[in-house]
Structure formats: C-alpha cells, structure tokens
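Beneath this line is the structure, given in structure tokens, with notes to follow.
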Amino acid sequence: MKKLEYGLIANRHNMPVNDFIFNRIKDPTKIRNIEAEAYRKIKTIANDCKEEKYIKLDLYVTGLSAALISVIKACKKVHREDFINIKLVLKHYSWKNKNYHNQTIFFINKLINGGK
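Residue numbers (UniProt numbering): 1 to 116.
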C-alpha cells in the first residue's frame, strides 16, 4: 500500500503537508475547471503509484466544498478507469480540540486483507 498526504488547497490554512491537490482556485464557481484539475492531479498520483494495488490518500480538507467534491469524484473516476483501490481519508480540523478527525471513503474493487 502506498501512503500519501496532501492538502486540498495551498495557502488556505496551516496544514502538516507540503503537497496539495490545488495550488489555487481562482473562481470557485467554475466547477468544470475545478473538476478537471482535480482529475488531472488524482490521475497523476495514480500513475505515479501504478505498481501499487492500493493507495491510501490522507487529504487535509480546507472547507471549499466544490474542491472537495471534485477530488472525491476524481478518485471514483480514476478507480474505475485504472482499477486501483483508493482509501481516501478526509482530515477535518477541529478548532475545539486543535487536531484532525478522519472521515474515510473507500473505492475498492474487492476486499483487501480479508476485509480488515
């Protein structure tokens, strides 16, 4: 399994990562552009990991719903095209607790490790 960590959008909040899906979103109403950029990035990540059967992508979320949904859609599309298993772990920041909590989405072709 290849483990990766990305932030959703650079320079929106302090995050414990150096890599981002989006460097900048100029216009959040241009959904097609956001979706295309998300797809290109997720496709590149998958191509870089094509020897792996399973990718775990921790994504530090910054709050722009259109960008987040675009990444989720891109993961689903790349999963179907490339038959690669993706565990997308959304890292939501809790201002109250000053830490991140996880929300996981699986794009899996079959049970891995007996479903564990």
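For each residue, glycine too, the CB sits at the ideal point set by N, CA and C. Just so we're clear, the structure is a prediction, and the values are computed from it rather than from any experiment.
- With respect to ILE72, HIS79 sits apart: the two C-beta atoms are not nearer than 7 Å.
- Closest in alpha carbon position to ILE34, among GLU81, ALA10, SER70, VAL89, is SER70.
- In the structure shown, THR104 adopts extended strand secondary structure according to DSSP, grouped into three states.
- In the structure shown, HIS13 falls within a coil segment according to DSSP collapsed to helix, strand and coil.
- Sequence-distant Cβ neighbours of LYS91 in its own chain, meaning closer than 7 Å and more than five residues away, are ASP58, LEU59, TYR60, VAL61, TYR100, ASN102.
- Per the coordinates, the alpha-carbon of LEU64 lies some 13 Å from the alpha-carbon of LYS30.
- DSSP links ILE55 through a beta bridge to LYS2, ILE86.
- Remark: C-beta atoms of ILE84 and ALA46 approach each other more closely than 7 Å.
- A check of alpha carbon separations from ALA10 across LEU4, LYS3, ASN23 identifies ASN23 as the nearest.
- In the displayed model, LYS77 falls within a helix according to three-state DSSP.
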